[in-house]
Amino acid sequence: MLAWAIAASPGFAQTACSEDVVYLRGDWGSARISVDVVDTPETRSQGLMFVESMPRLSGMLFVYEREQPVSFWMKNTLIPLDMIFADGAGVVQHVHENAIPGDLTAIPGGTNIQFVLEINGGMARVLGIDAGTEMRHPAIPVNSAAWSCAS
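If you're matching positions, the sequence shown starts at 57 in the working numbering and goes up one per residue.
In structure tokens, the structure reads:
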């Protein structure tokens, strides 16, 4: 079971990045989310469709080749999700809370989005994740990351 920590967590700064973990930090504290990474058109289009449950501090990280307009929907998605949209530096630009399972309404994330983290519905609010939160993951280029894996 993964744990999350509130307030300054100096251990996160020294923890090595790995493909299966996204770290988040902000004024609210910090968190560690176990993730599956989807970074091809095929894997991104499948996403979390047909997934019946997901552990509390787990999710899926969608990685795009460059910043671009991104919009999601919940077709064939069975669980409510929070969608966390971040730019090329890994800085959260928008959070959409509790997307409704099966809803075909487009959920726009913004125009300059390169990373989208999907987590269980309601977790963004529980953790305090909002615009300005920084993500740390090896997919975020070291030379442009707000919170680099090299730090």
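Where a beta carbon is used, it is the ideal one built from N, C-alpha and C, also for glycine.
Beta-carbon proximity check, residue i vs residue j, cutoff 9 Å
i	j	result
residue 115	residue 175	yes
residue 107	residue 135	yes
residue 146	residue 192	yes
Euclidean distance between Cα positions of residue i and residue j
i	j	result
residue 104	residue 137	9 Å
residue 161	residue 139	14 Å
residue 177	residue 199	32 Å
residue 157	residue 86	28 Å
residue 129	residue 184	23 Å
residue 182	residue 81	14 Å
residue 171	residue 196	8 Å
residue 98	residue 118	11 Å
Coil, strand or helix - residue i by DSSP
i	result
residue 87	strand
residue 98	helix
Best match in the options for proximity to residue i [C-alpha to C-alpha]
i	options	result
residue 220	159, 134, 188, 119	Residue 220 cannot be examined here, being either before or after the span of the chain that is shown, 57 to 207.
residue 153	146, 165, 145	165
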